[in-house]
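Before any comments, here is the structure.
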Amino acid sequence: MINRNQMNRRQVLRGIGASIILPFMPSLAAKSSAIKSSMGTNYHGPRRYACLFMPNGIHPDRWTPAKLGSDFELTPLLSPLKAVKDKILVLGGLMNKHSYRTVEGHYTKTGNFLTSMPITRTVDSNVNSGGISVDQLMAQHVGKQTLFPSLQYGLDRMKSGVCKSTGITRLYGSTISWESGTQPCSREIDPRMAFDRMFRNYVPGKKPLPPDPYKQSVLDVVKEDVKRLNKQMGIQDKNKMGEYLNAVRSIEKRLDNQESLADFEAKITPGVREELKRMDIRIDEWAEYSEGVDVTDKAKLMMDIIVLAFWSDATRIATLMLGNSASNRNFSFIDGVYDTH
């Protein structure tokens, strides 16, 4: 049996978002090796997947190493990864052929970012990304092992309407996660909401969220309205409504997964609780002083919440959009940059 309170490297690191790197400590390495040994030679720990999407491209000369693979030299933009360079593999030669040389600018290159399938060119609600995204496919296989099958985060609100210059729906530029080709995943853009949803009840000294005395299925509440609407809808709209309601029910089942909740709570160790307390304070400070001023603070919070979710095994799959396609974000927080694109 593993002692959950055993000191390890993560518990020593005071603050997940801190810009420090711990030195190698043999005592911690020895304990880590002992734990793995006690669990057998085939134990590798849970595999985790995080995808970060950056809109509008990058400067290739300052981002892409001249030599790829594991034996590469850090470029200026990758230099912050120096301490973990030996754990990084830089891949090249990848191409999504269904987003290459399209005439629709950014949007059709974003909607199929994780599907790699042809996009349906549309201005209406009949969107189609070509199929399920790879993160959601992973979530179907490993999502039942955690409280949240997957997390979808972003920094910008999802957009609707039609892009005037391309004549295509802007929804394609607002999401990279798809439950199916026609069902985009919603995403959280507020650090406070993202944090509270998972961790509020476990923050020392924080008032827990009250239980919902009226908890019942949303579908039970609206079923009569759905029946009435079905009488007025055509076959295509009925199918669309059925797909949407199935997605709602799927989410409800996930949130009511008591077995996964018990497993999750067992992993909220004293060390995790201390990190949750620090994160809670950071979010309050961001909301009071930095919200709407410097988007980098918000981005760091969202990334650190994902790290907390991985650490506590709340989920093993996450995506984060650092902006929508064709974003008009102001980048003046970067020295010498005064434009939005």
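Numbering (my numbering), first residue to last: -7 to 333. We put the CB at the ideal spot given by N, CA and C, even for glycine. The structure presented is a predicted model; accordingly, all values stated were derived computationally and were not measured.
### Task
Might you give, ordered along the chain, the residues of its own chain that have their beta carbon closer than 7 Å to the beta carbon of residue 149, omitting 5 neighbours on each side?
181
### Query
Is the region 35 to 51 touching the region 99 to 109, taking contact as three or more C-beta pairs under 8 Å?
yes
#### Entry: Strand pairing of residue 309, partner residues [DSSP]
41
### Task
Could you pull the start and end residues of the alpha helix (DSSP H) that residue 92 belongs to?
Where residue 92 is concerned, there is no enclosing alpha helix (DSSP H), given that its DSSP letter is neither H nor E.
### Query
Is DSSP giving residue 126 helix, strand or coil here?
helix
### Message
I need the boundaries of the alpha helix (DSSP H) containing residue 280, first residue and last residue.
### Response
That residue, residue 280, is in no alpha helix (DSSP H); it is neither H nor E in DSSP.
### Task
Closer than 6 Å by C-beta to residue 347: which residues in its own chain qualify, once you throw out the five before and the five after it? Chain order, please.
As shown, the chain starts at -7 and ends at 333. That puts residue 347 outside it, with no answer to give.
### Query
Cβ atoms of residue 169 and residue 117: under 8 Å apart, would you say?
no
### Query
Can you tell me the Cα-Cα spacing of residue 257 and residue 137, whole angstroms?
13 Å
### residue 61 - DSSP class collapsed to helix/strand/coil
strand
### Task
Count the C-beta pairs between the region 187 to 201 and the region 310 to 319 that are closer than 8 Å, then say yes if the count reaches three, no if not.
no
### Query
If we ignore side chains and look at the alpha-carbon of each, how far apart do residue 297 and residue 58 end up?
33 Å
### Query
What are the start and end residues of the beta strand (DSSP E) that includes residue 145?
143 to 146
### Query
By how many angstroms is the C-alpha of residue 79 removed from the C-alpha of residue 334?
Here the chain comprises residues numbered -7 to 333, so residue 334 is not present and cannot be evaluated.
### Query
Do residue 179 and residue 161 come within 8 Å of each other at the CB atom, strictly closer than that value?
no
### Message
DSSP three-state label for residue 176, please.
### Response
strand
### Query
Leaving out five residues before and five after residue 91 in sequence, what residues of the same chain have Cβ atoms less than 7 Å from its Cβ?
100, 101 and 104
#### Entry: CB contact flag (residue 261, residue 140, <8 Å)
no
### Query
Per DSSP, what kind of secondary structure is residue 82 in: helix, strand or coil?
strand
### Task
Along the alpha helix (DSSP H) that carries residue 99, what are the first and last residues, could you check?
99 to 102
### Task
Classify residue 218 as helix, strand or coil using the three-state DSSP reduction.
helix
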